[in-house]
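Participant:
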Amino acid sequence: MRGSYLLCALLLSGCSWFTDFKQQPKIDPWETTADTVPFRGNPQSSVSIYGSAAPGFEYDRTPMPQTIATMANIPNPVPADSASVNRGRIQFQINCAVCHGPLGMANGPATKYGVAGIAIGAGSNAANSLTDGYIFGMIRNGRGLMPPYNRIEEPDRWDIVNYLRSIQGKGTIAADTSHGLPGETGAFVPGASRMGPTRPAPYLHPGARTEATGDTTNRTPSADTARKTPADSTRKPEHEL
Ligand code: HEC
Numbered sequence: 071m072r073g074s075y076l077l078c079a080l081l082l083s084g085c086s087w088f089t090d091f092k093q094q095p096k097i098d099p100w101e102t103t104a105d106t107v108p109f110r111g112n113p114q115s116s117v118s119i120y121g122s123a124a125p126g127f128e129y130d131r132t133p134m135p136q137t138i139a140t141m142a143n144i145p146n147p148v149p150a151d152s153a154s155v156n157r158g159r160i161q162f163q164i165n166c167a168v169c170h171g172p173l174g175m176a177n178g179p180a181t182k183y184g185v186a187g188i189a190i191g192a193g194s195n196a197a198n199s200l201t202d203g204y205i206f207g208m209i210r211n212g213r214g215l216m217p218p219y220n221r222i223e224e225p226d227r228w229d230i231v232n233y234l235r236s237i238q239g240k241g242t243i244a245a246d247t248s249h250g251l252p253g254e255t256g257a258f259v260p261g262a263s264r265m266g267p268t269r270p271a272p273y274l275h276p277g278a279r280t281e282a283t284g285d286t287t288n289r290t291p292s293a294d295t296a297r298k299t300p301a302d303s304t305r306k307p308e309h310e311l
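Right, here's the structure in full:
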């Protein structure tokens, strides 16, 4: 008897018994732009709201490897400052050093197990003849025996290029090859996505909304700029300005 009282109480209290993915923190349609600012950064590979310095129409659809060659003229939009080179270092050590070696000297640990050792460091073909755009394309599409690394987000790919120029001795910032140990996180792993919705989507029309509803939450300077010129991946996210 007592048990059925308890059951009734539970049912009446509206306490949800079954949980499903419909109930989760998320941005609903027409929610204010304030809701696009996550309490901590969006994870890597979040759906991008930025444009791209290398959108699909920038290069043609000739078969590989010519596809990459058509990307060779895309200029590197990311200045090689210490922040970029540092981010590139983290990405390089996680994704590239295993084959190419920490200094790009074709001596990564995987070469001991049959992977071709290809030098991309100082004095290599990559240092002397390949443009930033071409190396960007190599990361994006891979080539021959090298797999594509297009899961590395576009701004991070340019950071890798900037870091590569440092270890080639071609950058202004000296190469730093410090790296984390297995299991180490924090400053040794890439942070949140820099392409996800950490600021108002460019297609939002904040002015119109403000006038219509008197809602001032959308009225941020960046939202106003974004309305005029859709942002691209070369622009820094709001929290870094
Ligand atoms: C699985 C091993 C492997 C990994 C990881 C790897 N590469 Fe490569 N890379 C290769 C191989 C093999 C080649 C030669 C490709 C070919 O067959 O032409 C190559 C070629 C290149 C070249 C062209 C060199 C030239 O002279 O033409 C560049 C640039 C390059 N890699 C950059 C990178 C970067 C940057 C990363 C990290 C995002 C990376 N690679 C990760 C194996 C790898």
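My numbering numbers the first residue of the sequence shown as 71 and each following residue consecutively. Note that beta-carbon positions come from the ideal geometry of N, C-alpha and C, so glycine has one too.
State yes or no: is the C-beta of L215 nearer than 7 Å to some heavy atom of the ligand HEC?
Facilitator: What you label residue 215 is simply residue 145 of the sequence shown in a count that begins at 1. Yes, since a heavy atom of the ligand HEC falls inside the 7 Å radius drawn around the Cβ of L215.
Participant: Is M208 helix, strand or coil when you go by DSSP?
Facilitator: Stepping through the sequence shown from its first residue, residue 208 is reached at position 138. It is helical.
Participant: How many angstroms separate the CA atom of D246 from the CA atom of G158?
Facilitator: The residue labelled residue 246 in the question sits at position 176 within the sequence shown. The residue labelled residue 158 in the question sits at position 88 within the sequence shown. Cα to Cα, D246 sits roughly 11 Å from G158.
Participant: Taking three-plus beta-carbon pairs below 8 Å as touching, is the stretch 190–198 in contact with the stretch 126–145?
Facilitator: Cβ pair count under 8 Å is below three, so no.
Participant: Just to confirm, is the Cβ distance from S116 to M265 under 8 Å?
Facilitator: In the sequence shown, counting from the first residue as 1, residue 116 sits at position 46. In the sequence shown, counting from the first residue as 1, residue 265 sits at position 195. Yes. Within cutoff.
Participant: Hey, quick one: how far does the alpha helix (DSSP H) through Q163 stretch, first residue to last?
Facilitator: Start at 1 with the first residue of the sequence shown, and residue 163 comes out as number 93. It spans S152 to N165 - the alpha helix (DSSP H) in which Q163 sits, taken as one unbroken run.
Participant: Only counting the same chain, and skipping five residues up and downstream in sequence, which positions put a Cβ closer than 7 Å to that of G111?
Facilitator: Taking the sequence shown and counting its residues from 1, one reaches residue 111 at position 41. Answer for G111: G261, A262, S263 and T268, listed in chain order.
Participant: Whole angstroms is fine: what's the gap from V148's alpha carbon to V231's?
Facilitator: Residue mapping note: residue 148 aligns to position 78 of the sequence shown, counting from 1. Residue mapping note: residue 231 aligns to position 161 of the sequence shown, counting from 1. V148 and V231: Cα-Cα distance of roughly 10 Å.
Participant: Bridge partners for R221 per DSSP, in chain order?
Facilitator: Counted from its first residue, the sequence shown places residue 221 at position 151. DSSP, once it has assigned bridges, lists no residue as partnering R221.
Participant: By DSSP, does A197 sit in helix, in strand, or in coil?
Facilitator: The residue you call residue 197 lines up with position 127 of the sequence shown. Helix.
Participant: Closest to P125 by C-alpha separation, out of T242, G203, T181 and T255, would be which residue?
Facilitator: As a first step, residue 125 must be located in the sequence shown, where it is residue number 55. That would be G203, whose Cα lies nearest to the Cα of P125.
Participant: Is it buried or exposed for A186, if we count other Cβ within 10 angstroms and need 16 for buried?
Facilitator: Here the question's residue 186 lines up with position 116 in the sequence shown. Per the 10 Å Cβ criterion, exposed.
Participant: What residue range does the alpha helix (DSSP H) around A142 cover?
Facilitator: On the sequence shown, position 72 is the one that residue 142 refers to. Counting along the chain, A142 falls outside any alpha helix (DSSP H), and DSSP gives it neither H nor E.
Participant: Give me the residue from V259, L173, A180 and T181 with the minimum Cα distance to A196.
Facilitator: Residue mapping note: residue 196 aligns to position 126 of the sequence shown, counting from 1. With distances taken between Cα atoms, A196 lies closest to L173.
Participant: Kindly give me the distance between the Cβ atoms of G171 and N177, rounded to whole angstroms, as I take these residues to be in contact under 8 Å.
Facilitator: The residue given as residue 171 occupies position 101 in the sequence shown. The residue given as residue 177 occupies position 107 in the sequence shown. Sure, about 4 Å apart at Cβ, within 8 Å.
Participant: When you measure from the CB of N165 to every non-hydrogen atom of the ligand HEC, does any distance come out below 7 Å?
Facilitator: Translated into positions along the sequence shown, residue 165 becomes position 95. True, at least one ligand heavy atom lies under 7 Å from that Cβ.
Participant: CB M141 to CB G212, shorter than 8 Å?
Facilitator: For the purposes of this step, residue 141 is taken as the residue at position 71 of the sequence shown. For the purposes of this step, residue 212 is taken as the residue at position 142 of the sequence shown. No. Outside cutoff.
Participant: Quick one: measure Cβ to Cβ for D226 and Q161, integer angstroms, because I've assumed they're closer than 8 Å.
Facilitator: For the purposes of this step, residue 226 is taken as residue 156 along the sequence shown, with counting starting at 1. For the purposes of this step, residue 161 is taken as residue 91 along the sequence shown, with counting starting at 1. Their Cβ separation, rounded to whole angstroms, is 5 Å, which keeps D226 and Q161 in contact under 8 Å.
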